[in-house]
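Quick note on numbering: our numbering labels position 284 of the sequence shown as 284, and the sequence is numbered without any gaps. The beta carbon of each residue, even a glycine, is placed where N, CA and C say it ideally should be. The structure displayed is predicted, hence computed values, not measured ones.
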Amino acid sequence: MYMKAKFILALGLALLSTEAFSSVYYVAVDGSDSNAGTKEKPFASLNKANKVVSAGDTVWIRGGVYDLRDTVYFSRYKMTAGILLTTSGESDNKRIHYFAYPGERPIFDGANLPVAAGYDKSDGTPEGAMYTSPIVISAKYLHLKGFEVRNTPMIHNSNSGVFLYASKHIFLEYIDSHHNAGPGFFANDGAADGGGHIFLNCDAHDNYDPTGWQGDGENADGFGAHYQKPGEGDTTKFIGCRAWWNSDDGFDFINQEYPVVVENCYAMGNGYSNYGKGNPPRGNGYGIKMGESTLGGGKHLIKNSVAWKNKSSGFYANYTGVGSTWINNTSYKNEDRAFNMASTLFDSEGNRLAEVAPLTGDNAHVLKNNIAFPNSLSQIGECWEYIPSQGINHYVECPAGENNTWNLKIDLTENDFMSVDDPSMTVTGQDLSKLPGILGPRKADGSLPDVDFLKLKEGSQAIDKGENIGLPFAGKAPDLGAYEYGMPVSSSSSAKSSSSMAASSSSQEKSSSSQVEPNSSSAESSSSMEDSSSSSEDPAAIAKLNSSLETFQSATVFDLQGRYLGTLQAEQLRDNMETVLRKKFKKSGAYIVRYGSNLQRINLK
Numbered sequence: 001m002y003m004k005a006k007f008i009l010a011l012g013l014a015l016l017s018t019e020a021f022s023s024v025y026y027v028a029v030d031g032s033d034s035n036a037g038t039k040e041k042p043f044a045s046l047n048k049a050n051k052v053v054s055a056g057d058t059v060w061i062r063g064g065v066y067d068l069r070d071t072v073y074f075s076r077y078k079m080t081a082g083i084l085l086t087t088s089g090e091s092d093n094k095r096i097h098y099f100a101y102p103g104e105r106p107i108f109d110g111a112n113l114p115v116a117a118g119y120d121k122s123d124g125t126p127e128g129a130m131y132t133s134p135i136v137i138s139a140k141y142l143h144l145k146g147f148e149v150r151n152t153p154m155i156h157n158s159n160s161g162v163f164l165y166a167s168k169h170i171f172l173e174y175i176d177s178h179h180n181a182g183p184g185f186f187a188n189d190g191a192a193d194g195g196g197h198i199f200l201n202c203d204a205h206d207n208y209d210p211t212g213w214q215g216d217g218e219n220a221d222g223f224g225a226h227y228q229k230p231g232e233g234d235t236t237k238f239i240g241c242r243a244w245w246n247s248d249d250g251f252d253f254i255n256q257e258y259p260v261v262v263e264n265c266y267a268m269g270n271g272y273s274n275y276g277k278g279n280p281p282r283g284n285g286y287g288i289k290m291g292e293s294t295l296g297g298g299k300h301l302i303k304n305s306v307a308w309k310n311k312s313s314g315f316y317a318n319y320t321g322v323g324s325t326w327i328n329n330t331s332y333k334n335e336d337r338a339f340n341m342a343s344t345l346f347d348s349e350g351n352r353l354a355e356v357a358p359l360t361g362d363n364a365h366v367l368k369n370n371i372a373f374p375n376s377l378s379q380i381g382e383c384w385e386y387i388p389s390q391g392i393n394h395y396v397e398c399p400a401g402e403n404n405t406w407n408l409k410i411d412l413t414e415n416d417f418m419s420v421d422d423p424s425m426t427v428t429g430q431d432l433s434k435l436p437g438i439l440g441p442r443k444a445d446g447s448l449p450d451v452d453f454l455k456l457k458e459g460s461q462a463i464d465k466g467e468n469i470g471l472p473f474a475g476k477a478p479d480l481g482a483y484e485y486g487m488p489v490s491s492s493s494s495a496k497s498s499s500s501m502a503a504s505s506s507s508q509e510k511s512s513s514s515q516v517e518p519n520s521s522s523a524e525s526s527s528s529m530e531d532s533s534s535s536s537e538d539p540a541a542i543a544k545l546n547s548s549l550e551t552f553q554s555a556t557v558f559d560l561q562g563r564y565l566g567t568l569q570a571e572q573l574r575d576n577m578e579t580v581l582r583k584k585f586k587k588s589g590a591y592i593v594r595y596g597s598n599l600q601r602i603n604l605k
């Protein structure tokens, strides 16, 4: 969010001969699975594409509504799926890419899916399956971007819009999962060597499970990551994601025993349904819930995130047995507590030793530079301890964190913020994703809307009151909360997350490899195709491109066949595009550069 330095993601791919590249396929609403999968004769389904793709291939998905009416049986988890993706890529540099076609929005609608009854344990047949989802992924090294999943039905069990099982390094980008009768996204990494997923700029909203066997609204979270074992797999990250009007919680990581990172994420109005008008009795309504860990592996990181107007607490530890790190977050007008660090104790086998107990020492929660507005807290500074076996039932002193509004005794007012006015604060009964505001339409590159909501204004009591924890800041010291006053706020995490994923992820993710006109000789999409040279022979074309790049944080490079080459920071391209492209690809020829919805053909002499 605050990075000024210029970053460029490692591409890891050189421009080789055409024969060395992988294949490109197309899927369209009016296609047929008996077709060849070309642009002129596309497949009808991703199930067909899954059968023919190999590592490094790209599948372009044309826009329109895909009415999912058939299911595939996934025997490994005993569930059914409208789309089942099981073919894996090989590495971060050789993923399988499923991308929305440029300028178009594919929508996978599950309203007519035949749904598993889910009343009893599966008998090993599709008819006896427990769950049904529109999209099920059980693979490694896939990258999906640019579409919607909606209207997943249910009978007895809550069904996720997008379900990941025993997968590794799945990259989900700019995907909107909404109005499902269960979680928007559910990552189940119960098998060994799972995890390592990235959810970048994804939305989960208006999900509600009214007829679940556990109760009305009990399991429809926005995002869930669960069942990863201690010491197995890699860290899963949620960056620039938003969750609102989900009947249960916005983000929920119960039974997740491997660290999760939540960065630049938003949670609002969870615990409600029907665009905020319904109040399901079994919906918990926490914004960002980071427990419970019983085996000591769930030491999560939550930073630069915002939770407001949730039915319960904004940020919640959920009686975990191990502390997480909460830094530079903002909690505003949640109906219960701003921060609730309720914790307990477990032995090494996961047996509960106490009903409620503070975490201390190296196991304690770390809370720094957070804003609670108002300062309503639980299990912070003063904790309730309840150990029935020892007859202990009293209040004790416990860690309170450092440099938070409550430590500094700062009672903020609305005048400390540029704005506390947003449709999410006042509007119910309407789809907030359609209204301009913090939960409204994203920018062309998928990043968050740039609005003033809950940003600090000049003279705010929260400016320069934080602790220096190694992040860039303006002024004498870091500010409190999710936004640093005086630093450029690049829409969501596009600039920040791209660079941080490259720097901090062991896998160097390609953070915005995305849609581009796959055929340079065609201009069927709504994107524009400019044909220019990157040499000094055409300075006007370069000036035009550089001007357009000012709007975006990253640009994606493809060859003329629509095959993905890599992602570059737009800022670097603006400095000297010809030099960067020539240095990275080391070969003359034609390149397609995509930035937002714009396309440019660059010919290197």
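- With a threshold of 16 other beta carbon atoms within 10 Å, Y395 falls short and is exposed.
- Secondary structure of L46 (DSSP, three-state): helix.
- Proximity to F199 across L144, Y208 and R150 peaks at L144, based on C-alpha coordinates.
- Taking C-beta separations shorter than 8 Å and ignoring five residues to either side along the sequence, the partners of P230 in its chain run E257, Y258, L295, G296 and G297, following chain order.
- Within the segment 257-287, the complete beta strand (DSSP E) segments at least 3 residues long are 260-263 and 266-268, listed from N- to C-terminus.
- Residue pairing for D109: DSSP places it in a beta bridge opposite D67 and R150.
- In the structure shown, P126 adopts helical secondary structure according to DSSP, grouped into three states.
- Annotation for F346: T294, L295, G296, G321, R352 and L353 place their beta carbon closer than 8 Å to its own, counting only its chain and skipping 5 residues before and after.
- Taken through DSSP and simplified to helix, strand or coil, V52 comes out as helix.
- Per the Cβ contact rule, the segment 328-339 is in contact with the segment 366-384 (3 or more Cβ pairs under 8 Å).
- Excluding five sequence positions before and after V65, the CB atoms of its chain that fall closer than 6 Å to its own CB belong to I107 and D109, given in chain order.
- When the beta-carbon positions are compared, D248 and G283 come within less than 7 Å of each other.
- Counting along the chain, M79 sits inside the beta strand (DSSP E) bounded by residues M79 to L85.
- A contact between stretches requires three or more CB pairs, one per stretch, nearer than 8 Å, and the segment 148-157 meets this requirement with the segment 174-187.
- Positions of the alpha helix (DSSP H) runs, each at least 4 residues long and wholly inside the segment 421-484, are given as 423-426 in order along the chain.
- Excluding residues up to 5 positions away in sequence, V322 and G323 lie with their Cβ nearer than 7 Å to the Cβ of N363 in the same chain.
- Between W245 and G276 the beta-carbon gap is near 6 Å, inside 8 Å, which marks them as a contact.
- Contact between R442 and P449 holds: their C-beta atoms lie close to 7 Å from each other, under 8 Å.
- Between A342 and E385, the C-beta spacing is not below 7 Å.
- Annotated three-state conformation of L581 is helix, per DSSP.
- With a cutoff of 7 Å on beta-carbon distance, A181 and N159 are scored as near each other.
- Secondary-structure assignment with DSSP links D92 through no beta bridge to anything.
- Judged by DSSP secondary structure, S331 falls within the beta strand (DSSP E) whose first and last residues are T330 to Y332.
- G589 and L604 have their C-alpha atoms spaced approximately 5 Å apart.
- Judged by beta-carbon spacing, G224 lies beyond the 7 Å limit of D206, meaning their Cβ atoms are not closer than that value.
- Annotation: S45 to M268 spans about 34 Å, alpha carbon to alpha carbon.
- The secondary-structure analysis by DSSP pairs E402 across a beta bridge with K368.
- Distance from M290 to N318 at the Cβ level is roughly 7 Å; contact confirmed, criterion being Cβ atoms closer than 8 Å.
- In this structure, DSSP gives P388 a helical state, which the three-state scheme calls helix.
- Rounded to whole angstroms, the separation of the alpha carbons of Y141 and K584 is 23 Å.
- Residue pairing from DSSP places I198 in a beta bridge opposite F171 and K237.
- Within the DSSP secondary-structure output, S177 pairs in a beta bridge with V149 and A204.
- From the listed residues K409, D559, W326 and K586, the smallest Cα separation to A482 is found for W326.
- Counting only residues of its own chain and dropping the five nearest sequence neighbours on each side, G212 has a CB closer than 6 Å to the CB of S158, E218 and N219.
- V29: not part of any beta strand (DSSP E); DSSP gives it neither H nor E.
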